[in-house]
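Please read the structure below before turning to the comments.
In the numbering used here, the protein residues as written are 1 to 374.
Shown next, in the form of structure tokens:
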């Protein structure tokens, strides 16, 4: 008499060959098979493993087992398995030399000889992100690193991964109220460091420039850091000189750059006591520099600018005083955490990496404001 696992295997194989279960269909789980055949889950697991080894099904961690396309000689996931390396997905909102490119390079370099990555871009659109998560899971990836499109709303696909303990890491942001591994810069401490530097230079009327869509944990933490810096020095936080209306720097722009430059010029004219600007993103700092130039305001003699992130310094781009995120460490830790989860580690870890203040030619001691206007 055949071993019990062979009997379960033969029965399922027959159902697959007869197309009772068609390509892409989910076959019964270990628990369901154990109940149906009155066997242990160890037995049903062994049957499924044999079906997977022989190419009848493929297994997705946290999702189940599915019938494989009999005409598909080799999928990307089976290719990765044949090399003994897991296949992971990486979903980003957007990236450039100011922030993102270095992080992706770090992830790729850190994955050598350990795993493969498929890179996708959501352009900051939640619907794109959810679609890409589904596509990557259907491609057979065994783990995901995700830059969330939005941080106060998480997709149903991400919630499923949390519930099923599927290996995935949130990077640059986190979700409130959800137990998920994340790796990001310590944005609160970084923003505080930037404001402390400006205050020590004599600045108190510090305008804050941020993207129109600012309700992410990244921006929220930076704003908390700004408030804490003022509070610790017992200075008043003037939220009237915070500008929330910039739309051209979003991953999917909602306005032209020229429109945002006009917004910044209007903001500066309206608040002429401002002596320094803190741009919460590099691209916003560039727009601010253009706006100030058009207003004949010299940087840093008349007004200082500080920001987060910057491309490598060169003679073409403006070189700002900025908070430099450690992209190499972020990428390395994200890859390490994902591999640890893939190997079975279940501990939830939220890594926070310090940023470094880089002094550039866009900041100086507070200038005395005259009454001539701009």
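C-beta atoms are modelled at their ideal positions from N, C-alpha and C, and glycine is treated no differently.
Query                                                                                                                                  : Result
Residue 302 - containing alpha helix (DSSP H), residue span                                                                            : Element bounds for residue 302: n/a, residue is neither H nor E.
Spatially closest choice to residue 51 from 37, 35, 28, by CA coordinates                                                              : 28
With 16 other Cβ atoms within 10 Å as the buried cut-off, status of residue 343                                                        : exposed
Residues near residue 73 in its chain [Cβ-Cβ closer than 6 Å; skip 5 each side]                                                        : Model confidence at residue 73 stands at a pLDDT of 32, short of 50, so the residue's coordinates are unreliable; what they give is reported in the following sentence. None.
Residues bridged to residue 321 (per DSSP)                                                                                             : 306
Beta-carbon contacts of residue 235 that lie in its chain and below 8 Å, excluding the five residues immediately before and after      : 199, 204
Test item: CB-CB of residue 350 and residue 106 under 8 Å                                                                              : no
Under 8 Å between C-beta atoms of residue 92 and residue 100                                                                           : yes
One or two residues paired with residue 211 in a DSSP bridge                                                                           : 246
Start-to-end residues for the beta strand (DSSP E) that takes in residue 21                                                            : Counting along the chain, residue 21 falls outside any beta strand (DSSP E), and DSSP gives it neither H nor E.
Identified DSSP bridge partners for residue 352                                                                                        : 184
For residue 201, the three-state DSSP class (helix, strand or coil)                                                                    : coil
Touching by the beta-carbon criterion (3+ pairs, under 8 Å), the stretch 117-134 and the stretch 300-311                               : no
Local Cβ density within 10 Å of residue 221, reported as buried at 16 or more and exposed below that                                   : buried
Of the residues 167, 352, 281, the one placed nearest residue 339, counting alpha carbons only                                         : 167
Counted within 10 angstroms of its Cβ, other Cβ atoms place residue 164 as buried (16 or more) or exposed                              : exposed
Nonlocal neighbours in the same chain, by C-beta distance under 6 Å from residue 238, ignoring five residues either side               : none
8 Å Cβ cutoff met for residue 355 and residue 186                                                                                      : yes
Contacts around residue 293, its chain only, beta-carbon distance under 7 Å, and the 5 residues preceding and following it disregarded : none
DSSP beta-bridge partners of residue 59                                                                                                : 65
Cα-Cα separation between residue 258 and residue 283, rounded to whole angstroms                                                       : 13 Å
Per-residue DSSP class, three states only, for residue 276                                                                             : strand
Reduced DSSP category for residue 120 - H, G, I as helix; E, B as strand; rest coil                                                    : strand
Buried or exposed (CB count within 10 angstroms, at least 16 for buried), residue 20                                                   : exposed
Beta-carbon proximity of residue 40 to residue 47, cut-off 8 Å                                                                         : no
Assigned exposure category for residue 90 - 16 Cβ within 10 Å defines buried                                                           : buried
Residues of its chain near residue 135, where Cβ-Cβ distance is below 8 Å and the 5 sequence neighbours each way are ignored           : 120
7 Å CB neighbourhood of residue 245 in its chain, flanking five on each side removed                                                   : 212, 263
Beta-carbon proximity check, residue 184 vs residue 196, cutoff 8 Å                                                                    : no
Environment of residue 191 [buried if 16+ CB atoms lie within 10 Å]                                                                    : buried
Residues that DSSP places opposite residue 87 in a beta bridge                                                                         : 116
Under 8 Å between C-beta atoms of residue 320 and residue 285                                                                          : yes
Residue 159 classed as buried or exposed, judged by whether at least 16 other C-beta atoms fall within 10 angstroms                    : exposed
Neighbour flag for residue 292 against chain B, beta carbons, 8 Å                                                                      : The structure shown contains no chain B; it holds only a single protein chain.
Cβ-Cβ separation, residue 60 to residue 143 (assumed contact under 8 Å), whole Å                                                       : Wrong, their Cβ atoms sit about 11 Å apart, outside the cutoff.
For residue 175, three-class secondary structure by DSSP                                                                               : coil
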